[in-house]
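Residue numbers (the working numbering), protein chains in the order written: chain A, 1 to 243; chain B, 1 to 236.
Beta carbons are placed, not taken as given, at the ideal position from N, Cα and C, and that holds for glycine.
Read the structure below first, then the notes.
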Amino acid sequence: MGDTDAYSFSLTTFAPNGKLLQIEHALAAVGNGSTSVGIKAANGVVIATEKKAGSSLIEVSTLEYVVKVCDTIGMVYSGMGPDFRVIVNAARKSAQKYRRIYMEDPPVRILVKEMASIMQEFTQSGGVRPFGISLLLVGVDERGPSLYQVDPSGSYFPWKATAIGKNMINAKTFLEKRFNGDMELEDAVHTAILTLKEGFEGQMTETSIDVGIIGGLGVEGGAKPTFQCLSPAEIKDYLSNIA
Amino acid sequence: MDFAQLQQAPTSVPTEHHSHGNRWDPYVDNGGTSLAIAGDDFVVVASDTRQSNGYSINSRYSPKAFKLSNDCVLATTGYHADALKLVEHIEQRAQLYFHKHDRAMSVSAMAQMLSGILYSKRFFPYYVFPILSGLDVNGKGAVFTYDPVGNMERVNYQAYGSASALVQPFLDSQVGFKNQRNADPNRLLEQPQALKLAIDAFTGATERDIHTGDWLDLFIIDRDGIRQMKRELKHD
Chain A
1 MGDTDAYSFS LTTFAPNGKL LQIEHALAAV GNGSTSVGIK AANGVVIATE
51 KKAGSSLIEV STLEYVVKVC DTIGMVYSGM GPDFRVIVNA ARKSAQKYRR
101 IYMEDPPVRI LVKEMASIMQ EFTQSGGVRP FGISLLLVGV DERGPSLYQV
151 DPSGSYFPWK ATAIGKNMIN AKTFLEKRFN GDMELEDAVH TAILTLKEGF
201 EGQMTETSID VGIIGGLGVE GGAKPTFQCL SPAEIKDYLS NIA
Chain B
1 MDFAQLQQAP TSVPTEHHSH GNRWDPYVDN GGTSLAIAGD DFVVVASDTR
51 QSNGYSINSR YSPKAFKLSN DCVLATTGYH ADALKLVEHI EQRAQLYFHK
101 HDRAMSVSAM AQMLSGILYS KRFFPYYVFP ILSGLDVNGK GAVFTYDPVG
151 NMERVNYQAY GSASALVQPF LDSQVGFKNQ RNADPNRLLE QPQALKLAID
201 AFTGATERDI HTGDWLDLFI IDRDGIRQMK RELKHD
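Printed below as a string of structure tokens:
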């Protein structure tokens, strides 16, 4: 046990200027990742991300960036893929644990707090490093549609619309101009794809982006909205409406 | 082989037989009866208040139906000490939920949670027979019934306790319209009717069950909140 005791202290320590450098570096890792956007519409939410394969030989259709956590919650990330997989598993497990106790899906903000708590733990535990991802968590619950960002530090922010990753600054500027609170989900999807297109290198096709939505027309009718990843065919439809 | 010799020889080590009848019993049955009747937009919950131990009366007024902070009522029978602890536990969980979610727990969420709480003590159960009542998310009366280890079922009415064998068949007949031709089994009662039946069930039960009587705690849950009433029952 002697050797492992050597890492019982936290590797994330304060710098004299009050910053946690490890978290700053983690945010840099996020900034190197593919851009992701999220937009909250009046009747739903959309998230989307670039699905850039490193080589033309990669089987792009099997890459999963936008994931379903439970029926009413989905998420996407920017940053390190492997770290995202860990959080996805934790989120799915947390949602099922909640269901087992309350027979209901957790409200989005509850799941957000759980993930934020996990990510914060990894900034204050021995022998671990912070997660190199920022999350965009979306869902519909009794308060309506919501969009949250969770950072490596464990901070979380509710957004009307936002972007994370490589092109986040330009993307957010673009969103500030385009966003309005009365948008329907269809328009929000359209806007999300346009936002990604702004920073997209090369030709955007239905297999080079991942899009997920929850909500839409059924919501007013009382139908329970479920989170769905759009199929390439559905994405193709949206792309055809863009020049 | 000498079989006669074999029959006389012992085939196992002689053991002593200890009767364990004098062992201390962690449980006590405090008697009493509880019921709940659900309507389309209300629930009537009724519990008598006599607490007993065998042929002795511990208290003539020991409430065993409890209003919870999420506008639900938990009616109990069985071991009152366990009932008190169970209610304490549920209420604590309800408060935690409220502070975390910024809203009260729905009756169905609490129902599922209660099932888990009961089962968590599967191997040293709460000796309580809970009936959880409230309005569901659609505003309709909801009654959830449990066994002591958490088996849960949503029903339209239920009676538990020392007079359950008297009250439950009465409810089956007058609330569930069981075994009646041309009766609509899905028909729910109106509030005044349900209240009358609940009170009549208890006056009847008080007559014949020695453990039921003294006072009746009544709770009426509807969209305006929870009204609580008390009625006297025979003290004999």
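Check your understanding: Considering only the beta carbon of each residue, do residue 43/B and residue 66/B sit closer than 8 Å?
Key -> no
Practice item. Check whether the stretch 52-60 of chain B touches the stretch 216-233 of chain B, counting contact only when three or more Cβ pairs, one atom from each stretch, lie closer than 8 Å. Key: no
Point to revise | Any chain A beta carbon closer than 8 Å to residue 109/B | key: Output row for residue 109/B: interface = yes.
Review point. CB-CB under 8 Å to residue 98/B, same chain, minus the five flanking residues each way: which ones, in chain order?
Key: So the qualifying residues of the chain are 69, 70, 104 and 105.
**Study point:** Selection from 178/A, 132/A, 179/A and 228/A that minimises the alpha carbon distance to residue 210/A
**Key:** 228/A
Check your understanding: Thinking C-beta only, is residue 226/A closer than 8 Å to residue 214/A?
Key -> yes
Check your understanding: According to a CB-to-CB cut-off of less than 7 Å, which residues of the stretch 136-151 of chain B neighbour chain D?
Key -> Protein chains A and B are contained in the structure displayed, whereas chain D is not.
Exercise for review: Tell me whether residue 184/B is buried or exposed, calling it buried when 16 or more other Cβ atoms sit within 10 Å of its Cβ.
Suggested key: Exposed is the call here.
Exercise for review: Consult DSSP for residue 162/A and reduce its assignment to one of helix, strand or coil.
Suggested key: strand
Check your understanding: Do we get a CB-CB distance below 8 Å when we pair residue 104/A with the residues of chain B?
Key -> yes
Check your understanding: Taking DSSP as the reference, what is the three-state secondary structure of residue 56/B?
Key -> strand
Practice item. Could you please give the first and the last residue of the uninterrupted alpha helix (DSSP H) stretch that includes residue 193/A? Key: 185-198
Point to revise | CB-CB length for residue 184/A against residue 41/A, believed under 8 Å | key: Residue 184/A to residue 41/A, Cβ: 6 Å. Contact.
Exercise for review: Check residue 101/A in the structure and name its three-state DSSP category.
Suggested key: helix
Practice item. From the DSSP output, in three-state form, read off residue 124/A for me. Key: coil
**Study point:** Proximity test, Cβ basis, 8 Å: residue 273/B and chain A
**Key:** Residue 273/B lies beyond the residue range present for chain B, which begins at 1 and ends at 236; the question has no answer from this structure.
**Study point:** Where residue 130/A sits in the DSSP three-state scheme
**Key:** coil
Check your understanding: With a cut-off of 8 Å, does the C-beta of residue 248/A fall near any C-beta of chain B?
Key -> A question about residue 248/A goes unanswered here, because the residues of chain A that appear run from 1 up to 243.
Exercise for review: Note down, in chain order, all residues in the stretch 79-107 of chain B with a beta-carbon under 7 Å from any beta-carbon belonging to chain A.
Suggested key: 100 and 101
Check your understanding: Can you round the beta-carbon distance between residue 116/B and residue 101/A to whole angstroms, since I take them to be within the 8 Å contact cut?
Key -> 6 Å
Check your understanding: What are the residues that DSSP puts in a beta bridge with residue 215/B?
Key -> 232/B
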